[in-house]
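Taking the working numbering, the leading residue of the sequence shown gets 3, the next gets one more, and so forth.
All C-beta atoms, glycine included, are put in the ideal place defined by N, C-alpha and C.
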Amino acid sequence: MIYLKTPEEINQMRAAADLVSRTLGEVAKWIAPGVTTLKLDTIAREFMRDNGGRPACLGYEGFPATLCIEVNETVVHGFPSNYALREGDIIGIDTVVEKDGFMGDSCYTFAVGDIDPKVMDLCRTTKESLYVGIEACRPGHRIGDIANAVQTYCEHRGYSVVREMCGHGIGRDMHEAPEVPNYGRRGIGPVIRNGMCICIEPMINMGSRNIVIERDGWTCRTKDRKPSAHYEHTLAIVDDHVEILTTFDYIEEALKDRFI
Ligand code: MF3
Ligand code: CO
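See below:
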């Protein structure tokens with residue numbers, strides 16, 4: 003069942019979404035060659051707790067960390083580790099915070115130092131496809147319209163769309179109905195309505211769309227080990243328009259400050 007939120011509940015969603023956005027902004031300050039992904043996890047966990055939040059991934063169905071770490075060929079749900087970032091890596095950081103009973107969910111793929119321009123194009127295209135999906139998310143339209151918009155945008159640029167994982171409704175639970183795929187036909191799926199809160203999260207591969215799950219039961223990587231990128235926003239449909247509840251502004255501010 004799709005749970006439509008009241009204006010008060012959407013206010014609480016705004017607060018959760020702001021905290022997850024600020025958390026990614028904090029993590030962004032630390033992304034550099036030599037930094038371990040476990041260090042990033044500690045930064046995020048402490049930042050969430052210091053700001054009245056609970057790291058919602060930690061312990062979720064046994065997930066062992068605050069952050070999902072997605073280095074290069076990792077698509078989603080990788081664990082933080084002693085791996086130290088290297089110049090040329092990309093790292094997707096996906097996380098969820100609970101604040102006063104509501105969830106905020108966001109993901110951003112970062113470049114570590116200088117990266118291959120082809121990989122940069124994958125990241126840029128994936129981020130753009132998120133906004134293309136958001137543009138298609140309008141009251142009266144259907145979830146399939148979002149899915150089709152993301153797929154068309156990425157495939158026309160030579161990339162492939164991961165199909166086994168998708169976006170989702172969000173609220174008091176991290177994953178609520180409906181599922182929000184990144185591929186599919188226009189005009190199908192649930193109608194988008196005021197009060198819906200959803201996450202759109204394209205997971206886009208440089209090579210084939212095929213994935214494998216590692217033996218840890220979580221880490222999802224590309225089968226061909228080519229890179230994959232991932233961006234995510236939490237959205238609400240309010241007053242007949244879409245409101246992006248999360249923001250990359252904190253991240254982009256942090257990244258800008260570092261290169262001046
Ligand atoms: N944005 C991710 C998702 O929707 C967050 C997963 S948290 C985890 O699947 F705990 F499941 F890893
Ligand atoms: Co999500």
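Please state whether DSSP places Val-37 in a helix, a strand or coil.
Residue 37 sits at position 35 when you count from the first residue of the sequence shown. If DSSP states are grouped into helix, strand and coil, Val-37 belongs with coil.
Express the C-alpha separation of Ile-92 and Ile-206 in angstroms, rounding to a whole number.
Along the sequence shown, one-based indexing puts residue 206 at 204. Along the sequence shown, one-based indexing puts residue 92 at 90. Going from the Cα of Ile-206 to the Cα of Ile-92 covers about 13 Å.
Is Thr-8 buried or exposed, if buried means 16 or more other CB atoms sit within 10 Å of its CB?
To locate residue 8, count along the sequence shown from 1; it is residue 6. Counting Cβ neighbours within 10 Å, Thr-8 comes out exposed, since fewer than 16 surround it.
Less than 7 Å between the CB of His-275 and some heavy atom of the ligand CO, yes or no?
The structure shown does not extend to residue 275, since the chain spans only 3 to 262, so no value can be given for it.
Taking DSSP's pairing of strands, which residues face Leu-237 in a bridge?
For the purposes of this step, residue 237 is taken as residue 235 along the sequence shown, with counting starting at 1. According to DSSP, Leu-237 bridges with Ile-200 and Ile-246.
Answer yes if the region 68-78 comes into contact with the region 90-104, meaning at least three C-beta pairs across the two stretches below 8 Å, and no otherwise.
Touching, yes, given that three or more Cβ pairs across the two stretches are closer than 8 Å.
Short check: CB of Ser-108 to CB of Thr-221, under 8 Å?
The sequence position of residue 108 within the sequence shown is 106, counting from 1. The sequence position of residue 221 within the sequence shown is 219, counting from 1. Result no, Cβ atoms of Ser-108 and Thr-221 do not sit closer than 8 Å.
Measuring only the C-alpha atoms, how far is Pro-66 from Val-121?
As a position in the sequence shown, residue 66 is number 64, starting the count at 1. As a position in the sequence shown, residue 121 is number 119, starting the count at 1. So the alpha carbons of these two residues sit roughly 29 Å apart.
Any idea which residues DSSP pairs Leu-69 with across the strands?
As a position in the sequence shown, residue 69 is number 67, starting the count at 1. According to DSSP, Leu-69 bridges with Thr-97.
Can at least three beta-carbon pairs, one atom from the region 122-131 and one from the region 164-172, be found at a separation below 8 Å?
No, they do not touch.
Quick check for students: name the residue ranges of the beta strand (DSSP E) that lie wholly in the region 81-136, counting only runs of 3 or more.
DSSP runs (the beta strand (DSSP E)) wholly in the region 81-136: 92-101 and 104-113.
Give me the residue from Asn-13, Leu-87, Val-182 and His-177 with the minimum Cα distance to Glu-63.
Position 61 of the sequence shown, counted from the first residue, corresponds to residue 63. Ranking the options by Cα distance to Glu-63, first place goes to His-177.
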